[in-house]
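The next block holds one structure in the form of structure tokens; read it before the comments.
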Amino acid sequence: MRSYAATAFRTLGGCGLSRCDFFLTAEGDIFLNELNTMPGFTQWSMYPLLWENMGLAYPDLIEKLVQLAKEMFAKRESHLI
């Protein structure tokens, strides 16, 4: 599902954060339900909890997202300078 989430994110031209929700059928089929581009973002929301489960603590996640936002801003604005 992680690979499917990355593919969906890139296909839709995503940047920054998102959460991909899937359905898993009893037969083992996987269906993308939605790509949520603004998931809940408190310490107790699913988005940061999933990252924490993968070893990225909440403060580090915020730092990484700020870094990515700065990089994307610079990339988008570079043609104006």
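Residue numbers for the sequence shown follow my numbering, so the first one is 2 and each next one is one higher. Cβ atoms here follow ideal geometry from the backbone N, Cα and C, with glycine treated the same way. No experiment lies behind these values; they were computed from the predicted model shown.
Straight across, the Cα-Cα distance linking residue 39 with residue 6 is about 15 Å. The continuous beta strand (DSSP E) containing residue 33 extends over residues 31-37. Shown here, residue 24 sits in a strand according to DSSP, grouped into three states. The region 26-35 makes no contact with the region 56-74; the number of CB pairs closer than 8 Å stays below 3.
Distances from the CA of residue 46 to each of 23, 19, 69 were compared; the closest alpha carbon is that of 19. Between residue 73 and residue 14, the gap from beta carbon to beta carbon reaches 8 Å or more.
Taken atom to atom, the span from the alpha-carbon of residue 27 to that of residue 77 is near 43 Å. Per DSSP, residue 43 lies in no alpha helix (DSSP H) and is assigned neither H nor E.
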